[in-house]
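See below for the structure under consideration.
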Amino acid sequence: MKKTLTTLSAALLTALVLTACGGGDSGGPPLVVDAEGVSTFNSTVLGTTLAALPSEILSPAEQATLAYMREEEKLAHDVYVHLATLWGASVKTFTNIATSEATHTEAVRQLLLRYQQPDPAASLGAGQFQNPTLQALYTQLVAAGAPSLVDALKVGAAIEEIDMVDIQAALVNVDNQDIRLVYENLLKGSRNHLRAFVKALLQQGITYVPQYMNPADYVVIVNTPIERN
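See below:
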């Protein structure tokens, strides 16, 4: 699923300027990052943060991207759960990040609820998607990750690349503060998860080569420490 790739700016690696999330009664940022870079939304903090932001008019572009991102984050979760059944005994990265991705797709679902938009993933089982492109991608990725642990870890890294490319492209047409807040935190999570998969590959003696994103941006990300705040 190669779209027209929007170059990921190195500016993405600076601290996220999310004033609504910083300290105070919100209890901290909505994304909690552990020592391995697994980045999970705190639903309580996210809810408090979103409630403090205005509910703005939803453009057609924003409506479309919310539906797509809901399923794309579900795809990451579903692929990682599947790969964990194959390789979870060898490496916990899939299980840990799958748990995190469940909170990512839920964060987008909360935006759909907030704007009274239909949820394309409602009542769909694991590996099922309304969007035909994502359905085909799921099939492709689970097959690609089946032959070996290294192949599976490469699939994980590729998913995080795809997520970053797509979220960054979506942000071009998003001005609603609440959507931008969630998407910027999703970007942060994807950068951290990419680092985790690249690290796991290095432990297998493999140097990952980016497949979707600008190689220079990739180098900056993997050579930058885990983002915690």
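Position in the sequence shown (from 1) plus 188 gives the number in the working numbering.
Glycine included, C-beta positions come from ideal geometry on N, C-alpha and C.
All values derive from a computational prediction rather than experimental measurement.
Pull up the distance between the alpha-carbon of residue i and that of residue j, whole angstroms please.
i	j	result
V410	T236	32 angstroms
K342	Q251	31 angstroms
V220	V386	20 angstroms
L389	L322	25 angstroms
L299	I414	26 angstroms
L325	E261	13 angstroms
P403	R379	14 angstroms
T283	A309	21 angstroms
A357	V279	32 angstroms
P218	Q399	30 angstroms
D354	M257	8 angstroms
Do residue i and the ligand PLP come close, with the Cβ less than 7 angstroms from some heavy atom?
i	result
L274	Ligands are entirely absent from the displayed structure, and the ligand PLP is therefore not among its contents.
Under three-state DSSP, which class holds residue i?
i	result
V220	strand
S247	coil
F385	helix
T412	coil
F317	coil
L329	helix
D405	helix
G211	Here the model assigns G211 a pLDDT of 35, short of 50, so the residue's position is not dependable and the matter cannot be decided.
S311	coil
Q391	helix
G276	coil
A240	coil
N284	helix
V267	helix
Please name the residue or residues paired with residue i in a DSSP beta bridge.
i	result
T293	DSSP lists no partner for T293.
T228	V220
Considering only residues of the same chain and omitting the five flanking positions on each side of residue i, which have a CB-CB separation below 7 angstroms?
i	result
H381	G225, S227, I285 and E348
K289	According to the sequence as given, residue 289 is Glu; it is not Lys. Closer than 7 angstroms at Cβ, skipping near neighbours: E261, A264, H265 and Y268.
Spatial neighbours of residue i within its chain, please: C-beta separation below 6 angstroms, excluding the five flanking residues on both sides.
i	result
A340	L271, W275 and G333
V269	A286
E259	P308, A309, F317, N319 and L322
What are the uninterrupted segments assigned as alpha helix (DSSP H) that are 4 or more residues long and contained completely in the segment 333–388, given in chain order?
-> 337–359
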